[in-house]
Amino acid sequence: MNNTTFNKLLATHAGWGPLALRLAAGIIFVAHGSQKLFGWFGGNGLEGTAGWMASIGLEPGLAMAVLAGSAEFFGGLALIIGLLVRPAAVALAITMLVAIFAVHWSNGLFMANNGYEFALSLFAISVALVFTGAGKASLDDYISGSNEI
21 MNNTTFNKLL ATHAGWGPLA LRLAAGIIFV AHGSQKLFGW FGGNGLEGTA
71 GWMASIGLEP GLAMAVLAGS AEFFGGLALI IGLLVRPAAV ALAITMLVAI
121 FAVHWSNGLF MANNGYEFAL SLFAISVALV FTGAGKASLD DYISGSNEI
């Protein structure tokens with residue numbers, strides 16, 4: 021990847037709006053990823069998550085748990101600091117699509133029934149960040165020099 025392509029990946033002229041999306045979604049993703057990977061915040065950890073994923077047909081369970089947990093944890097960190105936001109947001113959007121269709125779809129929309137509304141919201145935020153980039157107050161902006169204050 022040449023320097024021009026890398027700068028296009030980081031470039032953003034989106035302003036301050038994505039900062040609110042990045043921070044809120046980033047915190048949520050880090051928390052959920054840490055539940056899956058480390059058992060923090062009342063999560064089941066990698067072994068428990070792997071067993072659950074295998075039980076719903078997402079095989080191999082361990083690989084799926086590592087992929088989902090890593091996408092959420094490290095993708096969330098990327099959103100918070102604003103580094104490589106577009107690729108992180110793509111990974112997070114895919115993760116949310118899997119969550120919607122493999123876990124929540126059959127329960128309908130509402131969270132009260134373990135539905136997909138929360139995952140859909142996180143999917144929408146992720147897709148928005150793919151298009152806008154990180155915006156101001158991000159490492160992407162600083163590295164690419166694409167935004168003026």
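Numbering-wise, this note's numbering puts 150 at position 130 of the sequence shown, and it's gapless, one number per residue.
Backbone N, C-alpha and C define an ideal beta-carbon position, used for all residues, glycine too.
Please read these numbers as outputs of a predicted model, since none were measured by experiment.
Legend entry - Presumed contact (8 Å Cβ cut-off) between residue 108 and residue 124, rounded CB distance: Taking the first residue of the sequence shown as position 1, residue 108 is located at position 88. Taking the first residue of the sequence shown as position 1, residue 124 is located at position 104. Contact doesn't hold; Cβ gap of about 22 Å is too wide.
Legend entry - Cβ neighbour criterion (16 or more within 10 Å) applied to residue 158: Taking the sequence shown and counting its residues from 1, one reaches residue 158 at position 138. Counting Cβ neighbours within 10 Å, residue 158 comes out buried, since at least 16 surround it.
Inset, instruction - Would you kindly check if the distance between the Cβ of residue 32 and the Cβ of residue 152 is under 9 Å? - result: Residue 152 sits at position 132 when you count from the first residue of the sequence shown. Residue 32 sits at position 12 when you count from the first residue of the sequence shown. Closer than 9 Å, so yes.
Inset, instruction - Could you tell me which of 78, 96, 83, 147 sits nearest to residue 118, measuring between CA atoms? - result: Residue numbering aside, residue 118 sits at position 98 when the sequence shown is read from its first letter. Nearest C-alpha to residue 118: 78.
Legend entry - Selection from 85, 73, 67, 154 that minimises the alpha carbon distance to residue 43: Walking along the sequence shown from the start, residue 43 turns up at place 23. It is 154.
Inset, instruction - Would you kindly work out how many angstroms separate the C-alpha atoms of residue 27 and residue 163, rounded to a whole number? - result: What you label residue 27 is simply residue 7 of the sequence shown in a count that begins at 1. What you label residue 163 is simply residue 143 of the sequence shown in a count that begins at 1. Each residue's Cα considered, the two are about 8 Å apart.
Inset, instruction - Whole angstroms is fine: what's the gap from residue 143's alpha carbon to residue 149's? - result: In the sequence shown, counting from the first residue as 1, residue 143 sits at position 123. In the sequence shown, counting from the first residue as 1, residue 149 sits at position 129. Approximately 10 Å, taken between the alpha carbons.
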